[in-house]
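Just so we're aligned, residue 24 is where the sequence shown starts under this note's numbering, counting upward by one.
Glycine is no exception: its CB is placed at the ideal position from the N, C-alpha and C atoms.
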Amino acid sequence: MKKYLSISALFVLLSSFIAVPATDPADSVSLFQTRWVLRSIHEKDKVDFIYTYAWLELDEAGKKISGNGSCNRFGGQYQSDGQSLQFGALFSTKMFCQEMQEIESAFLRNLSRVNRYVISGLKLRLYKDEQLLLEFRAV
Numbered sequence: 024m025k026k027y028l029s030i031s032a033l034f035v036l037l038s039s040f041i042a043v044p045a046t047d048p049a050d051s052v053s054l055f056q057t058r059w060v061l062r063s064i065h066e067k068d069k070v071d072f073i074y075t076y077a078w079l080e081l082d083e084a085g086k087k088i089s090g091n092g093s094c095n096r097f098g099g100q101y102q103s104d105g106q107s108l109q110f111g112a113l114f115s116t117k118m119f120c121q122e123m124q125e126i127e128s129a130f131l132r133n134l135s136r137v138n139r140y141v142i143s144g145l146k147l148r149l150y151k152d153e154q155l156l157l158e159f160r161a162v
C-alpha cells in the first residue's frame, strides 16, 4: 500500500511539471478531441482541488465521452447543442481504490448533473444551470 501511495505521489508531482503551451486568454481550445484534466470539484459550499490524473475526452463524431476517474476508466454518450452539454448513463470499470474512491465518486456524480459548459482559454467549466460543478484544464 505504501509503495502504491509513493508511486501515486511521485506521478502527481512529476505531472505537475508537464508544460502546457502558452495561449492568449481570448483563444480557446475545442471541447472535442481535447484531453481535459480535472482540477476541482465544487460541492455544497466547498471546493476540492484535485491532484490525481482524472480526465475526460469528448469524441465529436461518435458523440462519446471517455475518461478516467482517478482509478477506473469510464465512458458513455453525450448530447451537445451550443453551450448545452448532457451526459447519458456512464459505464465504468469497477476497481476499488480506497485513496481515490471519494474523488472518483464525486467526479462521476457531478458529470451526471451537467447541463452546460463554458470554455475560457485552456479552462473548461461544467455547470448545472448557474452552479459550477467541475473545472478542467486542457493538456
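Going by C-alpha positions, Ile64 is about 18 Å away from Ser89.
DSSP, read as helix, strand or coil, puts Ser128 in helix.
For Leu145, the secondary structure class from DSSP, reduced to helix, strand or coil, is coil.
Annotated three-state conformation of Asn95 is coil, per DSSP. Membership of Ala77 in any beta strand (DSSP E) is not indicated, and neither H nor E is assigned to it by DSSP. If you ignore the 5 residues before and after Phe114, its C-beta comes within less than 8 Å of the C-beta of Phe97, Gly98, Gly99, all in its own chain and listed in chain order. In the DSSP assignment, Ser63 falls within the beta strand (DSSP E) that extends over 59 to 66. With 16 or more other Cβ atoms from the protein chains shown falling within 10 Å of its own Cβ, Glu127 counts as buried. Bridge partners of Lys151 according to DSSP: Gln154.
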